[in-house]
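Asks:
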Amino acid sequence: MILDTRSINILQQIIQAEGYVPINQLIDVIQVSKRTLYYDIKKIDDWLQEEGLHSIEYIRHLGYCLNKETKQMIVKKLNECVINQYEYSPKERKIWLILYLLIQEKRILLEDLINLLQVSRNTVLADLKKLKVELNKYNLSLHFGRKEGYQIVGNEQSKRNLLILSLSQIICQHSWEYLISQVNYIMCDMGSETDTLARETLYTIKKILANCEEFLGVQYTDEVLENLSVYMYLFHRRILKGKCVEMEEAEKNVLQDSKQFEAAKYIAKQFERAFIVKFPIDEIYYITTHLLGAKVNYQENIYEKNNMDEIHSIVDRMIKDFQHYACVLFQDFNGLFTDLYLHMKPAFYRVKYGIEIENPLRNTIQENYEEVYFLTKKVIHHFEEYVKKSVSDDEIVYVTMHFGAWMRKEGIVPNPRKTALLVCPNGIGTSRMLQYQLEKLFSNIDILNAISKREYESNIFDVDCIITTTEIEKGNVPVFKVNPILSDSEKAALLRKVNGVLYGENQKDSVDLVMGIIQKYADVVDEKSLKRELIEFMSGPAYFEKEEKYKPMLNELLTREFIHLEDRVDNWKDAIRLAADPLLQNQYIFEEYINEMIVNVRKIRSLYCYCT
Numbered sequence: 001m002i003l004d005t006r007s008i009n010i011l012q013q014i015i016q017a018e019g020y021v022p023i024n025q026l027i028d029v030i031q032v033s034k035r036t037l038y039y040d041i042k043k044i045d046d047w048l049q050e051e052g053l054h055s056i057e058y059i060r061h062l063g064y065c066l067n068k069e070t071k072q073m074i075v076k077k078l079n080e081c082v083i084n085q086y087e088y089s090p091k092e093r094k095i096w097l098i099l100y101l102l103i104q105e106k107r108i109l110l111e112d113l114i115n116l117l118q119v120s121r122n123t124v125l126a127d128l129k130k131l132k133v134e135l136n137k138y139n140l141s142l143h144f145g146r147k148e149g150y151q152i153v154g155n156e157q158s159k160r161n162l163l164i165l166s167l168s169q170i171i172c173q174h175s176w177e178y179l180i181s182q183v184n185y186i187m188c189d190m191g192s193e194t195d196t197l198a199r200e201t202l203y204t205i206k207k208i209l210a211n212c213e214e215f216l217g218v219q220y221t222d223e224v225l226e227n228l229s230v231y232m233y234l235f236h237r238r239i240l241k242g243k244c245v246e247m248e249e250a251e252k253n254v255l256q257d258s259k260q261f262e263a264a265k266y267i268a269k270q271f272e273r274a275f276i277v278k279f280p281i282d283e284i285y286y287i288t289t290h291l292l293g294a295k296v297n298y299q300e301n302i303y304e305k306n307n308m309d310e311i312h313s314i315v316d317r318m319i320k321d322f323q324h325y326a327c328v329l330f331q332d333f334n335g336l337f338t339d340l341y342l343h344m345k346p347a348f349y350r351v352k353y354g355i356e357i358e359n360p361l362r363n364t365i366q367e368n369y370e371e372v373y374f375l376t377k378k379v380i381h382h383f384e385e386y387v388k389k390s391v392s393d394d395e396i397v398y399v400t401m402h403f404g405a406w407m408r409k410e411g412i413v414p415n416p417r418k419t420a421l422l423v424c425p426n427g428i429g430t431s432r433m434l435q436y437q438l439e440k441l442f443s444n445i446d447i448l449n450a451i452s453k454r455e456y457e458s459n460i461f462d463v464d465c466i467i468t469t470t471e472i473e474k475g476n477v478p479v480f481k482v483n484p485i486l487s488d489s490e491k492a493a494l495l496r497k498v499n500g501v502l503y504g505e506n507q508k509d510s511v512d513l514v515m516g517i518i519q520k521y522a523d524v525v526d527e528k529s530l531k532r533e534l535i536e537f538m539s540g541p542a543y544f545e546k547e548e549k550y551k552p553m554l555n556e557l558l559t560r561e562f563i564h565l566e567d568r569v570d571n572w573k574d575a576i577r578l579a580a581d582p583l584l585q586n587q588y589i590f591e592e593y594i595n596e597m598i599v600n601v602r603k604i605r606s607l608y609c610y611c612t
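Per UniProt numbering: the sequence shown = residues 1 to 612.
Following this line, the structure appears as structure tokens:
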């Protein structure tokens, strides 16, 4: 029996949870109906039974759970799965076709693709037809010849940009570890190294990249180091096959003045020593673009004079326009400016050189923070006009996360009783967003800082608990693993779990205590069932009442001094100006606000005037 993508995703949610996973939480995360979820759980149970493992345990009001031994066995079995033991979605099939065609060096025939994806001949042919259309977006094409087999043809830099996007999509759906094992599986026909040797190679590459941080005065995010390691691993293999990038002279003249170019030369030299591969000068320039486009947690001399002065001005205009459209005023303008500037500098190079990366939180942000995303799209044009390219939705969502995080921060004053540390390897925007979600959720806990996984592993922190978005080694304090964006059900579960651990509301101890009291004064016929019902009762879902803010009545807003009476006006624009004049005279608004109202009315074309 084969598990599909969604079923494996559900299994991973249950495996990663320390306790029970509520139904509503699974519905929120997987984005399916309750009926579909029940169907998928049944399919998973059938697979578990087929593998000789325990079924998923279900308790009403609590949700689904697996015992520790079963979790370990499932992880082992899933890790043993290779490509032909996995049922791919149409999107995943497209991604793996791209990766296979770009990574595999032997002649690729239709039978190879059928074996790779484990689908019918007609399905593969249909997928190849769709892929041809997709490749046109990158100025690439799919060719087939009897001698050459299937090949992606076109500019090498375009091929690599497509390779990077496909790799990032796999990482978003699964994990870095999964990607390594699957890519190595694809390469096995090429005389590739063993899985252990491949991991050692990646570790060496990661170390080379990390050594550049001190020279550049930056700290890359954990995900950047991991992803760049995989990219460089595949790039150097393409160089060995003579498939090299060619850079334009004008671009090289700009890049050679950067510190990142010096770092790229160091990387090339280390590769030559470690892997006996000669990097052409254009490849060194190409590495420079990736170093410039890499997300960072920290950078020294952030405002040093260079060709980024225009980005400084753009970020300033973006924030001011955002405040104008959102009718907000950021109290810590400089704090937001620094964070956004730190993000937009590498974003400039990613957009300029076509380096696309998929944002794993794109759909969540677009759905849950729709207004902030919309406002960000309205101000991103300043950046697009400078880089002379349109910005992808994934990049816009990263900027949205910065604005959203700082909007949450305004007016929030935590009243902590305990201290917590946030470990998040995904960069500043994600950690900021999560930090303020947590500060809003826990009025009695102070989130001291958001740090990377490497900072956590190399230091000792005096806190009451750790909240993390990634797997970390547990120490002397409780560790709570969460998603970067929390749904309402996840917030309720986290609130209950944290309060239970930090404030002594331990569910098991409480249930055992009650059981002991009952057994003193009564004969318990079915101890197991009684304990089960007590757990259900004492761990029921938490309910939150929304704070009802005071809303003024219409007669409180339309006071006499702000009402302007006129018999007639020449047009609707004059009507808006006359109606707004009392507010303007009292300095509640400026002339720009009136002009913007007129612009908005012209856009939406929905003004109706009634005269009596």
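Beta carbons: idealized from backbone N, C-alpha and C, even for Gly.
No experiment lies behind these values; they were computed from the predicted model shown.
Whole angstroms is fine: what's the gap from lysine 520's alpha carbon to asparagine 499's?
Replies: Each residue's alpha carbon lies about 29 Å from the other.
Asks: In the UniProt domain "PTS EIIB type-2" (418-506), which residue ranges form an unbroken alpha helix (DSSP H) of at least 4 residues, counting only runs that do not cross its ends?
Replies: Those alpha helix (DSSP H) runs which fall completely within the UniProt domain "PTS EIIB type-2" (418-506) and span 4+ residues are 428-441, 453-458 and 488-502.
Asks: Using the Cα positions of lysine 453 and leucine 434, report the straight-line distance between them to the nearest angstrom.
Replies: So the alpha carbons of these two residues sit roughly 15 Å apart.
Asks: Determine the closest residue to arginine 362 out of Gln151, Lys132, Lys206 and Val397, with distance taken between C-alpha atoms.
Replies: Among Gln151, Lys132, Lys206 and Val397, the Cα nearest to that of arginine 362 is on Val397.
Asks: Run the CB neighbour count on valine 525, radius 10 Å, all protein chains shown included, and call it buried at 16 or more, exposed below.
Replies: Per the 10 Å Cβ criterion, exposed.
Asks: Taking valine 328 and aspartate 282 to be in contact with their CB atoms under 8 Å, please state how far apart those CB atoms are, rounded to whole angstroms.
Replies: That pair is no contact at about 46 Å.
Asks: Starting from the N-terminal side, write out each stretch of the beta strand (DSSP E) that is 3 residues or longer and does not extend beyond the stretch 34-115.
Replies: The stretch 34-115 contains these whole beta strand (DSSP E) runs: 57-59 and 63-65.
Asks: For leucine 113 versus leucine 102, is the C-beta distance shorter than 8 Å?
Replies: Contact flag unset, no.
Asks: Threshold first: 4 residues or longer. Then list the alpha helix (DSSP H) segments lying entirely within the UniProt domain "PRD" (196-301), N to C.
Replies: Within the UniProt domain "PRD" (196-301), the complete alpha helix (DSSP H) runs of at least 4 residues are 222-240, 249-255, 259-275 and 281-292.
Asks: Proline 478 to glutamine 366, Cα distance in whole Å?
Replies: Roughly 32 Å between the two C-alpha positions.
Asks: Exposed or buried, which one is alanine 542 when buried takes at least 16 other CB atoms within 10 Å?
Replies: Since pLDDT at alanine 542 reaches only 37, below the 50 mark, its modelled position is unreliable, and the value read off the structure follows with that caveat. Its Cβ having fewer than 16 others within 10 Å, alanine 542 is exposed.
Asks: Mind the definition here: the stretch 338-351 touches the stretch 381-401 only if three or more C-beta pairs lie below 8 Å; say whether that holds.
Replies: With a cut-off of 8 Å, the stretch 381-401 and the stretch 338-351 count as touching, because enough Cβ pairs lie within range.
Asks: Could you tell me the distance, in whole angstroms, from the CA atom of leucine 62 to the CA atom of isoleucine 267?
Replies: Approximately 52 Å between the Cα atoms of the pair.
Asks: Classify histidine 236: buried if its beta carbon has 16 or more other beta carbons within 10 angstroms, exposed otherwise.
Replies: Buried.
Asks: Helix, strand or coil for leucine 26? Go by DSSP, reduced to three states.
Replies: Looking at leucine 26 - three-state DSSP - the assignment turns out to be helix.
Asks: Taking buried to mean at least 16 other C-beta atoms within 10 Å of its own C-beta, is histidine 564 buried or exposed?
Replies: Counting Cβ neighbours within 10 Å, histidine 564 comes out exposed, since fewer than 16 surround it.
Asks: Buried or exposed, going by whether 16 or more other CB atoms sit within 10 Å of the CB of threonine 469?
Replies: Looking at its Cβ environment, which holds 16 or more other Cβ atoms inside 10 Å, threonine 469 is buried.
Asks: When the Cα of leucine 99 is compared with those of Leu163, Asn426, Val569 and Phe271, which residue comes out closest?
Replies: It is Leu163 whose Cα lies nearest to the Cα of leucine 99.
Asks: For leucine 361, report the span of its alpha helix (DSSP H) as first-last.
Replies: Segment: none, leucine 361 is in no alpha helix (DSSP H) and carries neither H nor E.
Asks: Please name the residue in Val124, Ile319 and Arg273 whose C-alpha comes closest to that of residue 613.
Replies: Nothing can be reported for residue 613, as the shown portion of the chain is limited to 1 through 612.
Asks: Got a sec? Which residues, its chain only, sit under 6 Å from leucine 216 by beta carbon, not counting five neighbours each side?
Replies: Same-chain partners within the cutoff: Lys259 and Ala263.
Asks: Are isoleucine 467 and alanine 420 close, meaning C-beta to C-beta below 8 Å?
Replies: Result yes, Cβ atoms of isoleucine 467 and alanine 420 sit closer than 8 Å.
Asks: Between methionine 407 and glycine 427, what straight-line distance do the alpha-carbon atoms span, to the nearest angstrom?
Replies: The straight-line gap from Cα to Cα measures roughly 18 Å.
Asks: How many whole angstroms separate the CB atoms of lysine 43 and serine 7, which I take to be in contact at a CB cut-off of 8 Å?
Replies: About 6 Å; that satisfies the 8 Å criterion.
Asks: Under the three-state reduction of DSSP, which class applies to histidine 402: helix, strand or coil?
Replies: Correct three-state label for histidine 402: helix.
Asks: What is the rounded straight-line gap between the Cα of glutamate 59 and the Cα of leucine 530?
Replies: Inspection of the sequence shows that residue 59 is occupied by isoleucine rather than by glutamate. Rounded to the nearest angstrom, the two C-alpha atoms are 13 Å apart.
Asks: From the DSSP secondary-structure annotation, give me the bridge partner or partners of isoleucine 152.
Replies: Isoleucine 152 pairs with Leu142.
Asks: Across which residues does DSSP place valine 397 in a beta bridge pair?
Replies: DSSP output for valine 397 lists no bridge partner at all.
Asks: Residues in its own chain within less than 7 Å of methionine 247 by CB, not counting five upstream and five downstream?
Replies: Only Asp282, Tyr285 and Tyr286 meet the Cβ criterion.
Asks: Does the stretch 132-140 touch the stretch 315-334, meaning 3 or more C-beta pairs lie closer than 8 Å?
Replies: Touching, no, given that fewer than three Cβ pairs across the two stretches are closer than 8 Å.
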